Ligand code: ADP
Ligand code: MG
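Residue numbers (my numbering): 619 to 795.
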């Protein structure tokens, strides 16, 4: 049995979590064993569940280090990982190892930070993935297709958890306004 890696990327509000949940639910319908992880720093909606902005949700295991994925994935067929941009670089090797063991690895995460720079391990995950899906949000200024996460506050740290209060999806033109 051969495994592979799928990446679902895009800006905030682009539907990454929705798409991840959709794929994981379908894997369960196919009677596959699914293990789902998210970084424990992301507790915006729920301590454990992965929750999308349109309120679909699936239970997950919050973890601190990507190495825990290896320890907890066990004999599952499919591994789902949300908010992968927040994980350490080791996640790249771990995704490879899981896929080499025959697992389907589905990784969702922000491809860019609020400054438009590649975010954490996402570029490397995209490089090693068999399949990449880039999903898009709607620009909150003009309604075009949005690929940027625009931060509405002056805070400059790369990681700042927030929602529609502090971020909005924007297209290339409106991101640079
Ligand atoms: P992500 O995980 O990429 O942040 P989610 O899957 O959690 O996205 O949420 C996607 C949902 O967010 C959409 O189905 C829609 O209901 C809602 N939404 C809110 N703002 C926007 C926006 N600007 N563009 C598209 N969808 C939006
Ligand atoms: Mg999400």
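Glycine included, every Cβ here is placed at the ideal spot set by N, Cα and C.
It should be emphasised that the depicted structure is a prediction, and the values quoted were computed from it without experimental measurement.
Cα-Cα, which of 697, 757, 732 is closest to residue 718? When only C-alpha atoms are compared, the closest one is 697.
Check residue 659 in the structure and name its three-state DSSP category. For residue 659, the three-state secondary structure derived from DSSP is coil.
Would a C-beta distance cut-off of 7 Å place residue 764 and residue 629 closer than the cut-off? Yes, the pair counts as a contact, with Cβ atoms nearer than the cut-off.
Is there at least one non-hydrogen atom of ligand 2 closer than 6 Å to the beta-carbon of residue 679? Not one heavy atom of ligand 2 is found less than 6 Å from the C-beta of residue 679.
For the beta strand (DSSP E) containing residue 752, name the first residue and the last one. Note, residue 752: beta strand (DSSP E), 749-752.
Span separating the alpha-carbon of residue 794 from that of residue 756: Rounded to whole angstroms, residue 794 to residue 756 spans 16 Å at the Cα level.
In the DSSP assignment, what are the bridge partners of residue 764? Paired residues: 755.
Please go through the same chain and pick out, in chain order, the residues whose beta-carbon is closer than 7 Å to the beta-carbon of residue 671, but skip the five residues on each side of it. Excluding positions up to five away in sequence, the list reads 631.
Pick helix, strand or coil for residue 730, following the three-state DSSP scheme. In this structure, residue 730 counts as strand in the three-state DSSP scheme.
Kindly give me the distance between the Cβ atoms of residue 688 and residue 653, rounded to whole angstroms, as I take these residues to be in contact under 8 Å. The beta-carbon distance between residue 688 and residue 653, rounded to whole angstroms, is 11 Å. This is too long to meet the 8 Å contact definition.
Under 7 Å between the Cβ atoms of residue 635 and residue 655? No, Cβ-Cβ distance for residue 635 and residue 655 is not below 7 Å.
Identify which residue in 759, 736, 643, 683 has its Cα closest to the Cα of residue 627. Here the closest residue by C-alpha is 736.
So, for residue 753: in the same chain, excluding its five sequence neighbours on each side, which residues have a beta-carbon less than 7 Å away from its beta-carbon? Excluding sequence neighbours, residue 753 sits near 626, 628, 632, 633, 634, 637.
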